[in-house]
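In my numbering, the protein residues as written are 26 to 420.
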Amino acid sequence: MLESLERLPDDPILGLAAACRADPNPNKVDLTIGIYMDEQGICPVFEAVKQAQQILMAQEVTKAYMPPAGDAAFNLGMQKLLLGEGSAVLADGRVGSIQTPGGCGALRIGAEIIQAAAPGTRVWVSDPTWPVHIPLLGSVGLQFETYRYYEPSDHSVNFDGMVADLKRAQAGEIVLLHGCCHNPCGADLSLTQWQTIANMAQQQGFIPFVDIAYQGLGDGLEQDAAGLRTLVDQLPEVIVAASCSKNMGLYRERTGLTLFVCKDADNAAALVSQAKVAARRVYSMPPAHGAIIAARILEDETLNALWQSELVAMCERINGLRAALVGKLNASTGRDFNFIQNEKGMFSFLGLSAEQAIRLRKEYGVYMLDSSRINVAGVNASNIDYLADAVAKVL
Ligand SMILES: Cc1ncc(COP(=O)(O)O)c(C=O)c1O
Numbered sequence: 026m027l028e029s030l031e032r033l034p035d036d037p038i039l040g041l042a043a044a045c046r047a048d049p050n051p052n053k054v055d056l057t058i059g060i061y062m063d064e065q066g067i068c069p070v071f072e073a074v075k076q077a078q079q080i081l082m083a084q085e086v087t088k089a090y091m092p093p094a095g096d097a098a099f100n101l102g103m104q105k106l107l108l109g110e111g112s113a114v115l116a117d118g119r120v121g122s123i124q125t126p127g128g129c130g131a132l133r134i135g136a137e138i139i140q141a142a143a144p145g146t147r148v149w150v151s152d153p154t155w156p157v158h159i160p161l162l163g164s165v166g167l168q169f170e171t172y173r174y175y176e177p178s179d180h181s182v183n184f185d186g187m188v189a190d191l192k193r194a195q196a197g198e199i200v201l202l203h204g205c206c207h208n209p210c211g212a213d214l215s216l217t218q219w220q221t222i223a224n225m226a227q228q229q230g231f232i233p234f235v236d237i238a239y240q241g242l243g244d245g246l247e248q249d250a251a252g253l254r255t256l257v258d259q260l261p262e263v264i265v266a267a268s269c270s271k272n273m274g275l276y277r278e279r280t281g282l283t284l285f286v287c288k289d290a291d292n293a294a295a296l297v298s299q300a301k302v303a304a305r306r307v308y309s310m311p312p313a314h315g316a317i318i319a320a321r322i323l324e325d326e327t328l329n330a331l332w333q334s335e336l337v338a339m340c341e342r343i344n345g346l347r348a349a350l351v352g353k354l355n356a357s358t359g360r361d362f363n364f365i366q367n368e369k370g371m372f373s374f375l376g377l378s379a380e381q382a383i384r385l386r387k388e389y390g391v392y393m394l395d396s397s398r399i400n401v402a403g404v405n406a407s408n409i410d411y412l413a414d415a416v417a418k419v420l
């Protein structure tokens, strides 16, 4: 029976990263996968994580299962990080959450809950969106519709198009929003635009599902959560999928959180009970290591300050690279790449055709997705000139 299964192609992003690793070209540049890389091209372990890990090693007394909702301190710390220390919905007890295996696990648990509440619900996703959203949410039976989001011709958010499309979102339907640092385009909503979406959700009754995987990599921890908090302040129900992969560098520790803002405390407790049953169905309990480290960083003042300073340094490096890239690309191509500087987080589209992206790969060893999405953090002082020259050659 199993022999009937065919071999599938690699995941397009992971497959390209593997192809880059195997490329013998000494000048190769890897701008594919969404991990932060430092000036040496390494995805580093945060110093705050190292210190929290040492404390964990010294204090750990068991490897017994975690509870299905995960670590309590992690849940609380993440709720405050996402919603703000003084959050009114937190004070009102209208929040429930569950620790999950990464942001992907968080999205999946969110999807399971939506499917349990209303099977086959329509989820509105941005065009474009992170490609994994569709299989991750679709595998539980949810349906999709796209809304216009990024306009390649002027490298910005087509907000009029987004609003026009979301006018068709019905009560009870889900609108998936990128909390900050949109993946793949890096173009984010302004606060005024978030407010418009909140008003529409209130009037039409659709429910925002906010995927926030990059909090702290755009304008800062608080600023990057401002859009989410605008929704939460105004709406009866919001679902959130959060990840500590990028902002704490805990990628392989699979550390995330599904959070529900609900009508009242009873409903919050009901949703947590549902999420625990959904988790039991899928993976039983979340992993401990990353969440206990994250909890320690979130609750310990000294570690928290260290973590935030490291995050700010990362963010400044990315923004510095954005500025440098604009300068180099404008000079080498004679075109206007200034839009890269207005975008947030690790990703931007360079605005090249798939043919040009493939030529960059084949002829110059410069690896980006066919859509010309680049991971800005993969740029560094030793490859930026080569990259800018290669782009000029294929244009
Ligand atoms: C938009 C978006 N959401 C969610 C995730 C999930 O992150 P993870 O499961 O690695 O925590 C990612 C990771 O790349 C992402 O880009």
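We put the beta carbon where it would ideally sit given N, CA and C, even for glycine.
Keep in mind that this is a model prediction, so the values were computed, not measured.
Proximity to Leu282 across Phe374, Val235, Ile123 and Ala141 peaks at Ile123, based on C-alpha coordinates. Note that the stretch 237-254 does not touch the stretch 68-84; fewer than 3 beta-carbon pairs, one per stretch, sit closer than 8 Å.
In the three-state scheme derived from DSSP, where H, G and I count as helix and E and B as strand, His203 is classed as strand.
For Asn292, the distance from the CB to the nearest heavy atom of ligand 1 is not below 6 Å. Closer than 6 Å to some heavy atom of ligand 1: that describes the Cβ of Ser268. According to DSSP, residue pairing for Asn400 in a beta bridge involves Phe372. In this structure Leu201 is in contact with His158, their Cβ atoms being roughly 6 Å apart against a cut-off of 8 Å.
Short of 8 Å from the beta carbon of Gly245, and not among the five residues preceding or following it, lie these beta carbons of its own chain, in chain order: Val337 and Cys340.
In terms of Cα proximity to Thr87, the closest of Leu275, Asn367 and Ala313 is Ala313. Taking Pro156 as reference, the option from Ala43, Glu64, Leu216 and Arg398 with the minimal CA-CA separation is Arg398. Secondary structure within the stretch 300-365: the alpha helix (DSSP H) runs of 4 or more consecutive residues, fully enclosed, are 314-324 and 326-358 (chain order).
In terms of CA proximity to Phe99, Gly315 leads the group Gly315, Ala303 and Leu115.
Placement of the Cβ of Cys210 at a distance of 6 Å or more from every heavy atom of ligand 1 is found.
When DSSP reads this structure, Arg173 sits in a beta bridge with Asp152.
The straight-line gap separating the alpha-carbon atoms of Pro126 and Ile60 is approximately 17 Å. The nearest non-hydrogen atom of ligand 1 is less than 6 Å from the C-beta of Gly127. Our two residues, Ala303 and Glu380, have alpha carbons roughly 43 Å apart in a direct line. Taking 6 Å as the cut-off, one finds at least one heavy atom of ligand 1 near enough to the beta carbon of Gly281. In the structure shown, the three-state DSSP call for Val74 is helix. Where Leu246 is concerned, the enclosing alpha helix (DSSP H) starts and stops at Leu246 to Asp249.
Per DSSP, reduced to three states, the secondary structure at Gln195 is coil, with no helix or strand assignment. At the C-beta level, Gln248 and Ala223 stay beyond 7 Å of one another.
Of the heavy atoms belonging to ligand 1, at least one sits nearer than 6 Å to the Cβ of Asp236.
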